[in-house]
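A.B. asks: Residues in the sequence shown are numbered consecutively from -6, following the numbering used here.
Quick reminder that beta carbons are idealized off the backbone N, C-alpha and C, glycines included.
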Amino acid sequence: MEALIQSSLSRFLIQAFLIIACARLVGLLARRMEQPMVIAEVTAGILLGPSLFGWLFPEMSAVLFAQESMPLLKLVSEVGLIVFMFLIGLELDPKLLRGRGHASVVISHTSIIVPFALGALLAFYLYPRLSDSSVPFMSFTLFIGVAMSITAFPVLARILTDKRLLGTKVGALTITCAAVDDVTAWCVLAFVVSIARATGLVGAVWTTVFAVVYIAGMMFAVRPFLARLGERGSSKEGLSQDLVAVTLLLLIVSSWMTETIGIHPLFGAFMLGAIMPKGTGFAHSLAVKLEDFAVVFLLPLFFAYSGLRTHIGLLNSADGWIMCGLIIAVACVGKFGGSAVAARLTGQRWREASALGILMNTRGLMELIVLNLGLDLGIISPKLFTMMVLMALVTTFMTSPLLRWIYPPEELADAPERTPLPATADVFTVLMCVSYERTGPGMVTLASALAGRGPEARRLYALRLIPPTDRGSFFLDQGPERQGAAALSPLLSRAKELDVEVRPLSFVSPKPSQDICNVADVKQADLVLVGWHKPLLSQTVLGGTVYEVMRCARTDVGVLIDRGLSEVRKLLVPFHGTAHDRAALALARRLAQQVGADVTILHVVKPTRRPDDALGAQEAVDEIFEGEEGGVLRKSKVVLKVVEHDSPADAALEESKRGYDLVLVGVGPEWGLEQRRFGIRAEDVIQGCPTSLLVVRSYEPAPAPAPAQSMLSAALRAEPDRT
């Protein structure tokens, strides 16, 4: 291992690779558990530290994370923190702090005062056991109080968005209280740090005076300049490299000034981000420029550095774990109890108050930043640092499961009572699931042809699911509504050309297949149309989310492989007699009925067939295409074509090259289209078909349980019907 490390740079690059890779791998597990990415990053940092990696492989850990390499890792991680705190300030919208109602004022203040007071009381117990006389008791007490009062505003915003609560009453009240908490706690922490760094009473007074002058200068001199800067860089195109350079120079100067004053450079970064103009789009464009590198590369280095300072082995006695449990209990009682009781006293129901208390108890990254400050200043010991890190992990991890348990998703929907969708047999409903913009026009072209021309006889929904994100710019950019509108824009433009009404739906979804099935149930869809994309690793188009939807949806599913579908006039339906083939044939019949499409049914038989092998196919065609009055449909031409071939899939591919607009084929092994979650062999029919293709899966009720309803159901059922 030492032979691979030629220099300090080589060691740092190896460290960065391990840190980022570990964070992303643990992040995959965290996402499956519906936990925020910060849980994965904190856990990855602890795993790479002496608590696990250093314990299992002490020699390798000593080489990779040698003590002489720590200053460089610390320096880079602190630069990442400065950029990240600037981004946190950008996320903080001053509108959240203005015009707050009585409830948010009481809750936000109580959620700081109660945990601060309990933390100060806890300090009396912890100080003689986990500190020494070199640490002033006042500094220790104030720091523990602040550490107990922190709420992780950025993590909380992401949890609310992932759970689709940001626009609800509970979500709006929580995010307002969290924003106030964030600002107040950082101001109090700045005061605590200035006291800890001051050499005496005179030094503390001068630090306070300089801090007031700095804040006044930022508010009355820098802020107007930033407003003019924001007008010039309000669009992504207008945000030139010169403007980014000016902003970074201001960030450097602001951080340096607070460091010189005696507070900390993080406060300068946060202050500059907080006073940035939020209404012109400048903040969003700037965040897009900076956040990916800061969040993906720099921030995990900070978590790893924190993990290397976390020694769970220090809790090697029953007393140590008892104190750790006491810290976690006091943190939860103070934050959860103070917030929940205050919410109840301001008129909230117990369920709402409990949900708010659980959310406000989230600490995450902000707590970790505070703890590292305390350890660097010598206010807390490594043992207490480890206990507090575990407290931050536990309080953040418990948020999502407790929220689901104490406050059911249906209660959090918080939507007014509205008339549910009527169950009408004559209405054909299509749910179009749009993953990529390019799939939208083809989907709505097919859906409008299937649903018919009469507006009273169709309901078309366009669903855009947005994966959870840790990007702050996502929230600055008005969240899922704006992103969904951008992705659905080509589909809606095509719908306008076709003169059909489409109702858009968009929200953040950590489990897209489950939510697609839930929406299909709530909207009583007759057909779910799913787009496709080439998988990153496997070769199976019908795998992943598509596989889950085809497996779980309680209605027919069609996977559209769009290759420029603009009209539906000439159809090919390969037919082998399965239930899925019959479903494809039924959709072809509907297209023939609604738009007069010509249908060619391809029945493939073996060269050694008996003369009556085509009889079953003819009977199926006659049955499906039988008109309402007993005759075969006359609006279109329906042809049954029987061919001899050893491979049905190859025969279908050969026929598809004869100028069809759309091929409708049932899923099944006879066409080389098996439903598989993963696969290394590409589906030849999908890859080789030169025209647009619709792969159809027929819904067959099975004893397996239906997909679990999500919190979306109540809100969707409450949507008014405008037909």
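Taking the alpha carbon of P434 as the reference point, which residue from R451, A455, R547, G445 has its own alpha carbon closest?
C.D. replies: Residue 434 sits at position 441 when you count from the first residue of the sequence shown. Out of R451, A455, R547, G445, A455 has the C-alpha closest to the C-alpha of P434.
A.B. asks: Terminal residues of the continuous alpha helix (DSSP H) containing K162?
C.D. replies: Working through the sequence shown from its first residue, we reach residue 162 at position 169. From DSSP, the alpha helix (DSSP H) with K162 extends over 162 to 190.
A.B. asks: Say whether the stretch 130 to 147 touches the stretch 314 to 334, bearing in mind that this needs 3 or more beta-carbon pairs closer than 8 Å, one atom from each stretch.
C.D. replies: yes
A.B. asks: Which runs of the alpha helix (DSSP H) fall wholly inside the stretch 529 to 591 and span at least 4 residues, in chain order?
C.D. replies: 537 to 545, 572 to 588
A.B. asks: Could you pull the start and end residues of the alpha helix (DSSP H) that L630 belongs to?
C.D. replies: Indexing the sequence shown from 1 puts residue 630 at position 637. Looking at the sequence itself, residue 630 is Lys, so the reference to Leu does not match. That residue, K630, is in no alpha helix (DSSP H); it is neither H nor E in DSSP.
A.B. asks: Which residue's Cα is closest to the Cα of L580: V561, A33, G327, V539?
C.D. replies: In the sequence shown, counting from the first residue as 1, residue 580 sits at position 587. The option with the nearest alpha carbon to L580 is V561.
A.B. asks: State the DSSP-derived secondary structure class of Y653, mapped to helix, strand or coil.
C.D. replies: As a first step, residue 653 is located in the sequence shown; it is residue number 660 there, counting from the start. Of the three classes helix, strand and coil, the one that applies to Y653 here is coil, per DSSP.
A.B. asks: CA-CA distance, G623 and D643?
C.D. replies: Counting from 1 along the sequence shown, the entry for residue 623 is found at position 630. Counting from 1 along the sequence shown, the entry for residue 643 is found at position 650. Low local confidence applies: a pLDDT of 40 at G623 is under 50, so the model's placement there is unreliable, with the coordinate-based value given in what follows. G623 and D643: Cα-Cα distance of roughly 35 Å.
A.B. asks: Taking I100 and P147 to be in contact with their CB atoms under 8 Å, please state how far apart those CB atoms are, rounded to whole angstroms.
C.D. replies: Here residue 100 refers to the residue found at position 107 when the sequence shown is read from its first residue. Here residue 147 refers to the residue found at position 154 when the sequence shown is read from its first residue. 19 Å between Cβ atoms; not a contact.
A.B. asks: Run through the DSSP bridge pairs and tell me what L686 is partnered with.
C.D. replies: Stepping through the sequence shown from its first residue, residue 686 is reached at position 693. Beta bridge pairing from DSSP links L686 with I554, V656.
A.B. asks: Let me know the secondary structure DSSP gives H257 once reduced to three states.
C.D. replies: The residue you call residue 257 lines up with position 264 of the sequence shown. If DSSP states are grouped into helix, strand and coil, H257 belongs with coil.
A.B. asks: If we ignore side chains and look at the alpha-carbon of each, how far apart do I39 and Q28 end up?
C.D. replies: Here residue 39 is taken as the residue at index 46 of the sequence shown, counted from 1. Here residue 28 is taken as the residue at index 35 of the sequence shown, counted from 1. Their backbone Cα atoms lie some 17 Å apart in a straight line.
A.B. asks: Tell me whether the stretch 384 to 395 and the stretch 354 to 369 touch, counting them as touching only if at least three CB pairs, one residue from each stretch, are closer than 8 Å.
C.D. replies: yes
A.B. asks: Helix, strand or coil: how does DSSP classify Y298 here?
C.D. replies: Position 305 of the sequence shown, counted from the first residue, corresponds to residue 298. In this structure, Y298 counts as helix in the three-state DSSP scheme.
A.B. asks: What does the Cβ neighbour count give for S278, buried or exposed, with the cut at 16 atoms within 10 Å?
C.D. replies: On the sequence shown, position 285 is the one that residue 278 refers to. With 16 or more Cβ atoms within 10 Å of its Cβ, S278 is classed as buried.
A.B. asks: With distances taken Cα to Cα, identify the nearest neighbour of T169 among E84, D235, E252.
C.D. replies: Position 176 of the sequence shown, counted from the first residue, corresponds to residue 169. Among E84, D235, E252, the Cα nearest to that of T169 belongs to E84.
A.B. asks: Answer with buried or exposed for C317, where buried requires no fewer than 16 other C-beta atoms within 10 angstroms of its C-beta.
C.D. replies: For this step, residue 317 is matched to residue 324 along the sequence shown. Classification of C317: buried, given that the 10 Å Cβ count is 16 or more.
A.B. asks: Name, in chain order, the residues that DSSP records as bridge partners for S499.
C.D. replies: Counting from 1 along the sequence shown, the entry for residue 499 is found at position 506. Answer by DSSP bridge pairing, in chain order: R457.
A.B. asks: Using the C-alpha atoms, what's the distance from K156 back to G274?
C.D. replies: Position 281 of the sequence shown, counted from the start, is the residue given in the question as residue 274. Position 163 of the sequence shown, counted from the start, is the residue given in the question as residue 156. Looking at the two C-alpha atoms, the distance is approximately 26 Å.
A.B. asks: Compute the Euclidean distance between the alpha carbons of I554 and L686, then round it to the nearest angstrom.
C.D. replies: Within the sequence shown, numbered from 1, the residue matching residue 554 stands at position 561. Within the sequence shown, numbered from 1, the residue matching residue 686 stands at position 693. So the two alpha carbons sit approximately 5 Å from each other.
A.B. asks: Once DSSP output is grouped into helix, strand and coil, what is the label at V427?
C.D. replies: As a working note, residue 427 is residue 434 in the sequence shown. V427: coil per DSSP, three-state reduction.
A.B. asks: Would you call the CB atoms of V186 and L370 closer than 8 Å?
C.D. replies: For the purposes of this step, residue 186 is identified with residue 193 of the sequence shown, where counting begins at 1. For the purposes of this step, residue 370 is identified with residue 377 of the sequence shown, where counting begins at 1. Yes, the Cβ-Cβ distance between V186 and L370 is below 8 Å.
A.B. asks: Consult DSSP for H638 and reduce its assignment to one of helix, strand or coil.
C.D. replies: Walking along the sequence shown from the start, residue 638 turns up at place 645. In the structure shown, H638 sits in coil (DSSP, three-state: anything other than H, G, I, E or B).
A.B. asks: Please list the terminal residues of the continuous beta strand (DSSP E) segment that includes L520.
C.D. replies: Residue numbering aside, residue 520 sits at position 527 when the sequence shown is read from its first letter. Where L520 is concerned, the enclosing beta strand (DSSP E) stretches over 520 to 523.
A.B. asks: Report back the beta-carbon spacing between L520 and T548 to the nearest angstrom; my notes put them in contact at under 8 Å.
C.D. replies: Position 527 of the sequence shown, counting from 1, holds the residue named residue 520. Position 555 of the sequence shown, counting from 1, holds the residue named residue 548. Between L520 and T548 a beta carbon distance of about 7 Å is seen, short of the 8 Å cut, so the two are scored as contacting.
A.B. asks: Looking only at DSSP bridge pairs, what is H596 linked to?
C.D. replies: Residue mapping note: residue 596 aligns to position 603 of the sequence shown, counting from 1. Beta-bridge pairing links H596 to F568, V635.
A.B. asks: Which term fits G431, buried or exposed, when burial requires 16 or more other beta carbons within 10 angstroms of its beta carbon?
C.D. replies: Looking up residue 431 in the sequence shown gives position 438. The sequence shown places Arg at residue 431, rather than the Gly named in the question. Exposed, because fewer than 16 other Cβ atoms sit within 10 Å of the Cβ of R431.
A.B. asks: Evaluate E410 with the Cβ neighbour count: other Cβ atoms within 10 Å of its Cβ, from every protein chain shown; 16 or more gives buried, anything less gives exposed.
C.D. replies: Numbered from its first residue, the sequence shown carries residue 410 at position 417. In this prediction, E410 has a pLDDT of 33, which is less than 50 and means its spatial position is unreliable; what the coordinates show is noted afterwards. So E410 ends up on the exposed side.
A.B. asks: Please report the Cβ distance between V31 and L383, rounded to the nearest whole angstrom; I am assuming they are in contact, meaning their Cβ atoms lie under 8 Å.
C.D. replies: As a position in the sequence shown, residue 31 is number 38, starting the count at 1. As a position in the sequence shown, residue 383 is number 390, starting the count at 1. 15 Å between Cβ atoms; not a contact.
A.B. asks: Classify N511: buried if its beta carbon has 16 or more other beta carbons within 10 angstroms, exposed otherwise.
C.D. replies: Here residue 511 is taken as the residue at index 518 of the sequence shown, counted from 1. That one is buried.
A.B. asks: Does DSSP put F50 in a helix, in a strand, or in coil?
C.D. replies: Taking the sequence shown and counting its residues from 1, one reaches residue 50 at position 57. The answer is coil: DSSP assigns F50 none of H, G, I, E or B.
A.B. asks: Are there 16 or more other CB atoms within 10 angstroms of the CB of A23, so buried, or fewer, so exposed?
C.D. replies: For this step, residue 23 is matched to residue 30 along the sequence shown. When all chains shown are included, A23 counts as buried.
A.B. asks: Below 7 Å CB to CB, which residues in the same chain sit around E657 once its five sequence neighbours on both sides are set aside?
C.D. replies: Stepping through the sequence shown from its first residue, residue 657 is reached at position 664. It is Leu, not Glu, that sits at residue 657 in the sequence shown. Cβ within range, chain order: L564, V566, A577, L580, A581, L687, V689.
A.B. asks: If you compare alpha carbons, which of V552, V631, K599 is closest to A590?
C.D. replies: What you label residue 590 is simply residue 597 of the sequence shown in a count that begins at 1. Here the closest residue by C-alpha is V631.
A.B. asks: Would you identify the three-state DSSP class for L666, choosing helix, strand or coil?
C.D. replies: To locate residue 666, count along the sequence shown from 1; it is residue 673. In the three-state reduction of the DSSP assignment, L666 falls in the strand class, which pools E and B.
A.B. asks: Would a C-beta distance cut-off of 8 Å place T593 and K650 closer than the cut-off?
C.D. replies: Here residue 593 corresponds to residue number 600 of the sequence shown, with the count starting at 1. Here residue 650 corresponds to residue number 657 of the sequence shown, with the count starting at 1. Cβ distance not < 8 Å, so T593 and K650 don't count as in contact.
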